[in-house]
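In terms of full-length UniProt numbering, the sequence shown opens at residue 1 and continues consecutively.
In this text, a Cβ means the ideal position worked out from N, Cα and C, and glycines have one as well.
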Amino acid sequence: MPTGSKAREEAAQRREHRRSDWFDANTGFVDQILEAKFAQNAGLEEFLLDTGSSEIHGSSSFDSFWGIGMDRMGPNGLSKL
Numbered sequence: 001m002p003t004g005s006k007a008r009e010e011a012a013q014r015r016e017h018r019r020s021d022w023f024d025a026n027t028g029f030v031d032q033i034l035e036a037k038f039a040q041n042a043g044l045e046e047f048l049l050d051t052g053s054s055e056i057h058g059s060s061s062f063d064s065f066w067g068i069g070m071d072r073m074g075p076n077g078l079s080k081l
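1) Can you grab the Cα-Cα spacing for the pair residue 65 / residue 5, in whole Å?
2) With distances taken Cα to Cα, identify the nearest neighbour of residue 57 among 28, 12, 22 and 77.
3) Would DSSP call residue 55 helix, strand or coil?
4) Inspect the beta-carbon positions of residue 59 and residue 70 and report whether they are closer than 8 Å.
5) Just to confirm my understanding: we take residue 75, look at its own chain, exclude 5 residues before and 5 after, and list those with CB closer than 6 Å. What are they?
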């Protein structure tokens, strides 16, 4: 079964084929993915709403766009969708 890690590895090997507008377009793709995720997982919306006004941060050593990154300076893009 494909995994997120495997997809990331495959994408890294094909960077020269990446769309020129990828960083503009990918937020729309992720928005659609999140809608599907919440539609398929009952209770996830309530779980997220139960966090109230708390800020949710993600950090990753390989992605500082969707989270805050290891240096805590990233835009935390996923939390804005």
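In this structure, then:
1) As a first step, residue 65 is located in the sequence shown; it is residue number 65 there, counting from the start. As a first step, residue 5 is located in the sequence shown; it is residue number 5 there, counting from the start. Computed Cα separation, rounded: 17 Å.
2) Translated into positions along the sequence shown, residue 57 becomes position 57. When only C-alpha atoms are compared, the closest one is 77.
3) In the sequence shown, counting from the first residue as 1, residue 55 sits at position 55. Coil, per DSSP.
4) Numbered from 1 along the sequence shown, position 59 holds the residue referred to as residue 59. Numbered from 1 along the sequence shown, position 70 holds the residue referred to as residue 70. It is a contact, given that the beta carbons lie within the stated cut-off.
5) Residue 75 sits at position 75 when you count from the first residue of the sequence shown. There are no such residues.
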